[in-house]
Every structure is written in structure tokens, then in C-alpha cells.
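Working notes for the structure below.
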Amino acid sequence: MVNAKSNQITAGRYWYTSAGEKIDSQYIVTNTIKTELMDKSAYVKEVKFPNSNIVTTYKIPIDDLDEDWLDVTETATMPITQHVEGRFYSAWVAYYYKATAKLTSYSYGGKVSFDYSPPTEPTLDGSVSVLKPSPNPAKFEGKDTAVSLKVKGDLLAYINSSNIEEWVFYAKETGSTDVKTKKDYNKVLTSTQAFDNFVISKSRGSNVKQEYTLTVTVRFSKPVVTGSGTISSLSKTMKATVEVSDAPVFSPPPVNNNKPPVAVLDVPGEVKAGSEFLMYGKDSYDPDGKIVKYYYSAPNTMEPVDGAFGFTWYPLTALGEHSVLLTVTDNGGLTGSTSAQINVIQPTPVAEIFVDGTKKENRKVTLVSRSRSPEHYPIDESKTQWTISAVSGGTAADIKYLGSLSGMNSKDVLFKKPGTYRATITVTNTAGFSHSTSTTFEIVPDEVPVVYISVPNKIYRDPGQGNMASAALTDMSFSPDFDFIGRRIWEYRYDSNNDGNFTDESWVIFSNENKSAFNLQLGKVGRYEIKLTVIEEFDQPTIEELVTQADRKSADSYTSVPQQPLSERVIEVYNRAPEVDWSW
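Numbering (the numbering used here), first residue to last: 458 to 1041.
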């Protein structure tokens, strides 16, 4: 018995869901990864997978009957005799990994597909499939060729189906003015229509390549608000090509009356280089059996597709039109084929800005990039550039931030004055393509607090309390924009000459402890004017390094709007009248 240890090889490891859909490794929960044994050499007795290693226990066969081994006698580093032979036995182990992945799931009626960079704005996606002829290209048989096209529209990042007014589908031969139209008034997020009335005339000859332009439009009953404005409809235009040729088309004759399967291929008409897209052949069918094999021919793609569907992508070097072929085989050995055209365009990123935080002066506003780029040419954050400018109300000097505006996905900013401001972002991906976008937003004023106090107009000195009069004071001030009062300063001034005028008197602070209610003790008979000054504290996040105490809004009983009348803030202190006892 022999024990051997080697490292597990994770290079080129790809993750798939149980449904066969590929997912990115960033969604895998690392501590849930387990190694599972799939198969092993016949003479391997036990396999363990400790600490990312492979430990095998296997038995070297005593005889060499039907055993695979390699004669390595000549590699010996010591003298050998004629009775010694060196044999190399190769023990192999096949294994796979299982883990938990944190994925965002989406539920739709019908076919479900996953996109791990979902759009954040309402987006219309679409696809077109060639139903007839099948296969495509078709063999020219000296007669007209019927063409049937299926167009599908998917409304993404939008859930209010009740706001959908109608789906409109257009189809025409590219370059023609004869447009065929179909409508669907169902309030659904996905709609499909088939156009069966196209014909490639036999008069055009035996080698014809006809391109079709198909457009799907969804119209909304009420305008939909997006980050770039309101929209009343969305459209998606696609291409499909049908070929008729006198070249031989492989289609084996039916065996035992077995009907061949029908290949149906669903792919996007246009993709960006570096963006993964779905090649979907699961709609293929067999009239009298079942499909047992799917074969995709997609030259220049970076990852092979196997099974009913799968994801792949084109590199930057593959810009332009490409043909993809699907051949399906049924359980009787017959095949059916179809093809589609995909136009690969430049992998340009899409810049998008989200303005987060409290859009009020002296509060923290966070500019967040929600930009997107093809998965295999991601945005290079080090090249991201922000600019911020004043449109109206404020100036460039009122825009405050720490550090620079380069090389980050988000930026905290503070605005010293209300007004309209514009933020612009330029993003560049690893393929060198850039895109810019701007958004404007309003910074509202920080409103001044309203000062209002409750005071008694008349109180009496109490001999039992050392001839002191007690005035119950209550602050009822408030912030119109829901900040909170962080400091209260209470003051009074006494009409010492009893002339009814307080302006020649000095203010005395009797409380600076932020009290909202307490009893004020007064000893002199006469009139007292009460004044309260309140200072707000921010109730939303700010950037402390960029604000001062002067940025906190304040008001007092004189500057408050509206101003509380003086008569409501004056306390008059009286002596209590003596009690007379007439008893003898």
C-alpha cells in the first residue's frame, strides 16, 4: 500500500449553479467550499482532501494483468540487476467542488435567466430566433422559401406591469419600407410575437443572404422617471439573417420514420465585446422523441457552451458580425441545425451617477458611481474622474470636499450654500474605452429655527419662600426642517426704573445649560422681559472637518420669523396682598 499527496489544482476552476448557469467566483462563500470525489483509479483504495491537498491510498498491483504502467527502469540513479525493473503506476482522482453562493434571484413568468450585473434603470432587452427555414442556411430547392421569425422583448429592472400600455413589434427586410406590425395589449413584462409572412422568392436565385430588421417597443401609460429624465417608451432593434444556398446542407434521411429535431437558437443580435451573453437552445424540440445532445459552433468565443444553454463572450479582437450555429441530435440519431448572427461592438462602459445623502447645505452628499462595463473589461477605478460645478445659487467656492476627485468609486461632498449643482463622472475600462455623464441636483437651504416660549404674565412673591416669585418657563421652539435644538441661552432684563421701556436695561443670562423647561426665581417687584436664543445641531450626517459652529443655524426671540410679541414674553411680579383678621 502506498500513500501519496499532491495539491488540488484550482486554476481554471469555474462555478455553476445546479441549473448549469455559470456564476462569478466573487459570489462564492469561501468557508462553505467542499471537495467531492467523482471517480478514481481502480486500484485507489481511499481518497481524502485535507487542507486543499489530495491524499490517496492505493495498492500497487502484484501482477501486470490489464494494468497500465510505464517502464521507467532506465531512469534509475543506482546500478540495477537483470531482476530489477522500474514501473511507474499513474493513480488518478477526479473531483469537483460544492459551495454556497450568495446570488440575487429574479422570478419571471416563463424562461428564467440570470445576469449578475443587473440594470438599475428600466431597460428593454430583446432577441430574435429563426424558426423557418430549418436548418438555416437552407438548401435551395427551386421554389420560394418561407421565412418565420420569432421576436421576444424582455422589460428589465421594472415591475409595474399595470403601467404598460402596449407592446409593438415591427419587422421588415433590411432596407425595405414595407414594415409589418403586430401588437400585444397584455400588461406583461415579457412579450413574444412571430412573423410568418416573409418569403425569399425563388426568382432571386440559388444563393441569397437576406437580412431582416426587427424592433420591439414597449409603451407606458404614464411616464417613467429615470436617472436621466422621464421616458414614455423603450425600444430595442435587432437583426436576423436567413440564407438560401445551393451548397449541400447536411440533413441525414429519417431512419425508421424518425422525424428530425428542430433546432431553435436564441441569442442577442448585438453584444459588447467582453460581455457574457446567453446562447439558449432549450426551445429546440423533437416531434417524436427527445433531444439528447446540443452542439454549438461559435468561432472566436472565449468559452465553450455545452448543454441546452450556456454563457460565453467575444474578446475585443472579434469586433464585427459573427455566425453561430446550433446542431441538436435526438435519441434516434437525427440532427437539426440553425444559425444566428451576432454583431460584436466595442466594449464601451456606461457611466451613471447616483446622488446619495442629505441634499441640504452643510450636510454630507455622497456621489456614487453606478457605472457598468462588460464583465471581462471592468472599469478601472484608478482612472475614474469626477468634476463638480455650480449651476445657479452657489459658486465653485461653496463646493467643499477632502482630497482629490480622481480614482474613486464614490466621493463625499459638502455644499456651503443652497442652489443647483452639477456632477460629472468619466469612467474608463481596462480595454481603454471611456464614457462620461452628468446629473444636476438641488441643494436646499438649512432653515432657521422658530423661537417660541411660554411664560406666565403675572406671578406673586411668596413669603413662605423668602419673598421669591417662581415663574415656570417652557421652550416650545422647533426646527422647520427637523434639525434639533442643541443649545439654549435664557436671558432676562428688569425694568429697573419702571418706565415701561426695556431698551435701556442690560440682559442677564440666567441659564446656559440647554434647559427646555424650569422655574425662574425672581425677587424684585416689577416687570421682567424674557429672551431665548436657540442654536441648532445637525440632525443629518455632515463632514466635520468642513463645518464650523457658525454653520449651525440660530435665532432668538427678536430674530425669529415669526417674532413672538413682547407682551407674551413679559412677566410682572407682584406682592401678595396682606390677609386681615377681624377677630377680637
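Note that beta-carbon positions come from the ideal geometry of N, C-alpha and C, so glycine has one too.
Quick one: residues in its chain with C-beta nearer than 7 Å to the C-beta of residue i, no 5 flanking neighbours on either side, listed in chain order?
| i | result |
| --- | --- |
| residue 884 | 806, 808, 826, 828, 836, 841, 891, 892 |
| residue 740 | 721, 723 |
| residue 888 | 731, 773, 804, 834 |
| residue 589 | 603, 604, 605 |
| residue 675 | 581, 610, 612, 621, 624, 690, 691 |
In angstroms, rounded to a whole number, what distance separates the CA positions of residue i and residue j?
| i | j | result |
| --- | --- | --- |
| residue 749 | residue 779 | 26 Å |
| residue 617 | residue 800 | 32 Å |
| residue 1029 | residue 972 | 22 Å |
| residue 916 | residue 940 | 34 Å |
| residue 867 | residue 874 | 22 Å |
| residue 682 | residue 490 | 43 Å |
| residue 895 | residue 736 | 35 Å |
| residue 729 | residue 804 | 5 Å |
| residue 798 | residue 899 | 46 Å |
| residue 817 | residue 624 | 41 Å |
| residue 647 | residue 613 | 9 Å |
| residue 969 | residue 577 | 51 Å |
| residue 663 | residue 597 | 6 Å |
| residue 585 | residue 579 | 20 Å |
| residue 523 | residue 796 | Bear in mind that the predicted position of residue 523 carries a pLDDT of just 49, short of 50, making it unreliable; the figure below should be weighed with that in mind. Those two C-alpha atoms are separated by around 46 Å. |
| residue 697 | residue 783 | 15 Å |
| residue 1022 | residue 927 | 22 Å |
| residue 847 | residue 855 | 8 Å |
| residue 557 | residue 486 | 6 Å |
| residue 954 | residue 906 | 34 Å |
| residue 553 | residue 460 | 21 Å |
| residue 669 | residue 858 | 53 Å |
Can you check whether the CB of residue j is closer than 8 Å to the CB of residue i?
| i | j | result |
| --- | --- | --- |
| residue 911 | residue 991 | no |
| residue 747 | residue 787 | yes |
| residue 608 | residue 583 | yes |
| residue 831 | residue 678 | no |
| residue 688 | residue 869 | no |
| residue 880 | residue 824 | yes |
| residue 918 | residue 1032 | yes |
| residue 980 | residue 924 | yes |
| residue 492 | residue 502 | no |
| residue 551 | residue 641 | no |
| residue 949 | residue 975 | no |
Is DSSP giving residue i helix, strand or coil here?
| i | result |
| --- | --- |
| residue 839 | helix |
| residue 760 | coil |
| residue 881 | strand |
| residue 669 | strand |
| residue 913 | coil |
| residue 465 | coil |
| residue 974 | strand |
| residue 773 | helix |
| residue 615 | coil |
| residue 886 | strand |
| residue 422 | Residue coverage of the chain in this structure runs from 458 to 1041, which leaves residue 422 outside it and unanswerable. |
| residue 1032 | coil |
| residue 824 | strand |
| residue 997 | coil |
| residue 798 | strand |
| residue 1025 | helix |
| residue 472 | strand |
| residue 989 | strand |
| residue 1020 | coil |
For residue i, which residues in the same chain have their Cβ closer than 8 Å to its Cβ, ignoring the five residues on either side in sequence?
| i | result |
| --- | --- |
| residue 943 | 971, 992, 993, 994, 1009 |
| residue 998 | 814, 815, 820, 821 |
| residue 464 | 509, 510, 511 |
Here's a check: name, in chain order, each residue in its chain whose Cβ is nearer than 6 Å to the Cβ of residue i, leaving out the five neighbours to either side.
| i | result |
| --- | --- |
| residue 462 | 510, 512 |
| residue 715 | 789, 791 |
| residue 594 | 700, 702 |
| residue 863 | 842 |
Figure out for me which residue from the options has the closest Cα to the Cα of residue i.
| i | options | result |
| --- | --- | --- |
| residue 1026 | 937, 594, 989 | 989 |
| residue 699 | 923, 604, 905, 734 | 604 |
| residue 897 | 796, 1011, 810, 657 | 810 |
| residue 763 | 465, 478, 470 | 478 |
| residue 775 | 785, 756, 783 | 756 |
| residue 726 | 901, 861, 734 | 734 |
| residue 660 | 1024, 627, 773, 601 | 601 |
| residue 718 | 695, 558, 751, 692 | 751 |
| residue 996 | 742, 921, 904 | 904 |
| residue 635 | 620, 671, 666 | 671 |
| residue 626 | 645, 667, 651, 849 | 651 |
| residue 957 | 878, 768, 853, 985 | 985 |
Does the beta carbon of residue i fall short of 7 Å from some heavy atom of the ligand PLP?
| i | result |
| --- | --- |
| residue 779 | In the structure on display, the ligand PLP does not appear, and there are no ligands present to speak of. |
With a cut-off of 8 Å, does the C-beta of residue i fall near any C-beta of chain D?
| i | result |
| --- | --- |
| residue 807 | Note that chain D does not occur in the displayed structure, where there is just one protein chain. |
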